[in-house]
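Reading the sequence shown from the start, the letters are residues 3 to 253 in the numbering used here. Heads up, the beta-carbon is just placed ideally off N, CA and C, and yes, glycines get one too. Just so you know, these numbers come straight off a predicted model, no measurement behind them.
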Amino acid sequence: ISLGLVGSEMCIRDRPVDPELFTAAAQGAVSLADMDLADRLAGAAIRAGAEVEAYFIRSWALAWINPAEADAVLASIPFDALNDEERVLRAGYRFACLLWGLADPDGAKRVLDEVSPMALGPTRRWVDAMYIMYWAAMAHPQAALSSAAGVDLRDVPPLMGAASSWALGVALGDAGCVGEALATFNSGYYIVKQSGQGDHLRYLIGDRHIGTLLQCGLVSDAQSVAAELQGQATDLPGGAHLLSAAIAGRA
C-alpha cells in the first residue's frame with residue numbers, strides 16, 4: 003500500500019474514504035514505527051466504517067502516544083460483535099495498555115482472568131503468552147516460565163509473540179538461564195522482522211537483551227547489539243531514534 007496514495011485520497015474531500023485501504027495503510031505506518039500517522043489513518047478508517055482490525059491498530063498506535071485514549075478506543079468496541087479470537091485479541095491489547103501504558107498491573111491481571119475462561123483451542127496459548135508478560139513484569143520468573151510451558155511464541159499473533167519474547171527472555175535471565183534468555187531475545191527480533199509489525203518492540207527487546215549481556219560482563223557483545231539497533235533505527239521516524247539512542251547509552 004502506498005502511503006502517498008492514501009494521502010492523496012485524504013485530500014479529496016468529496017471522495018469517500020476506502021476503509022480497507024486506510025486500515026492497510028495504518029498497518030503500514032505501524033510497520034514504519036510512525037505511530038502518529040497510524041493513529042490518523044486508522045481513525046479515518048474507523049470513521050468510514052472499518053472492521054475491528056482498524057480499532058486494534060489505532061489502539062496500538064495510541065498506546066505509544068496516549069495510553070488512556072488507547073484504552074478508550076478498545077472499550078468502544080461492542081463486545082457482542084466480536085468473535086472468540088477477536089475477544090481474546092481485544093483483551094490482549096487492553097492488557098498491554100493497562101500493564102505498561104497506564105501502570106495498572108491489577109487492572110491488567112483482571113482483564114486476563116476475565117478472558118481466560120473464554121480462551122479455547124489456539125487462543126488458549128495467546129492467553130498463556132499474556133500471562134508470561136504479566137508474571138515477568140511482576141518479577142515472578144518461575145510463574146512466567148510455568149505459563150510458557152507448551153507455548154510456541156511463533157504460533158501467537160506477531161505483536162503478542164514479540165512482546166512475550168521480551169518477557170520470556172527477562173524471566174529466563176532472572177532464573178539464571180542466560181543462554182536460553184539470549185536465544186529468546188533473538189527469536190523476538192526474528193518475529194518482529196518476519197511480521198513487519200511493531201518495530202518499536204525491537205528496541206524494548208534490545209533493552210533487556212543488552213541488560214542481560216552487561217550483567218554477564220559481555221560488554222563488547224552489548225555494544226555490538228546497541229550499534230546494530232541504532233543502525234536499524236536510521237530510516238524510522240519518531241520514537242525509534244530516541245529508544246535506540248537510550249539503549250546505546252546503556253551499552
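Rounded to the nearest whole angstrom, the CA to CA distance from ASP209 to ILE249 is 6 Å.
Of the residues LEU34, PRO160, MET132, the one whose Cα lies closest to the Cα of ILE193 is PRO160. With respect to the C-alpha of ALA138, the residue from GLU116, GLY163, GLY213, TRP168 having the closest C-alpha is TRP168. DSSP places LEU174 in the helix class (H, G or I) of the three-state scheme.
By the C-beta density criterion, PRO124 is exposed, having fewer than 16 other C-beta atoms within 10 angstroms.
VAL90 is positioned such that its CB atom lies no closer than 8 Å to that of VAL113.
For ASP20, the secondary structure class from DSSP, reduced to helix, strand or coil, is coil. For LEU122, there is no enclosing alpha helix (DSSP H), since its DSSP letter is neither H nor E.
Sorting LEU43, THR186, ALA165 by C-alpha distance to the C-alpha of HIS202 places ALA165 at the top. Check the Cα spacing between ALA183 and each of ARG92, THR214, LEU206, ASP154: the tightest is with THR214.
THR186 sits in a helix when the DSSP states are folded into three classes. Taking each of GLN234, LEU104, ASP115 in turn and checking the Cα distance to TYR205, the smallest one comes out for GLN234. By the neighbour-count criterion, in which a residue is buried when 16 or more other Cβ atoms sit within 10 angstroms of its Cβ, MET162 is buried. Under a 10 Å Cβ-count criterion, GLN29 is classified as buried, with 16 or more other Cβ atoms of the shown protein chains found around its own Cβ. In the structure shown, SER78 falls within a coil segment according to DSSP collapsed to helix, strand and coil. In the three-state scheme derived from DSSP, where H, G and I count as helix and E and B as strand, GLY198 is classed as coil.
For LEU104, no alpha helix (DSSP H) run applies, since DSSP gives it neither H nor E. Counting C-beta atoms within 10 angstroms of its own C-beta, ALA77 has fewer than 16 neighbours from the protein chains shown and is therefore classed as exposed. The alpha-carbon separation between LEU101 and GLY94 amounts to approximately 10 Å.
Setting aside the 5 residues that flank it on each side, GLY103 is surrounded in the same chain by ALA65, PRO69, ALA72, each with a C-beta closer than 7 Å to its C-beta; the list follows chain order.
The Cβ atoms of ILE134 and ALA173 sit closer than 8 Å to each other.
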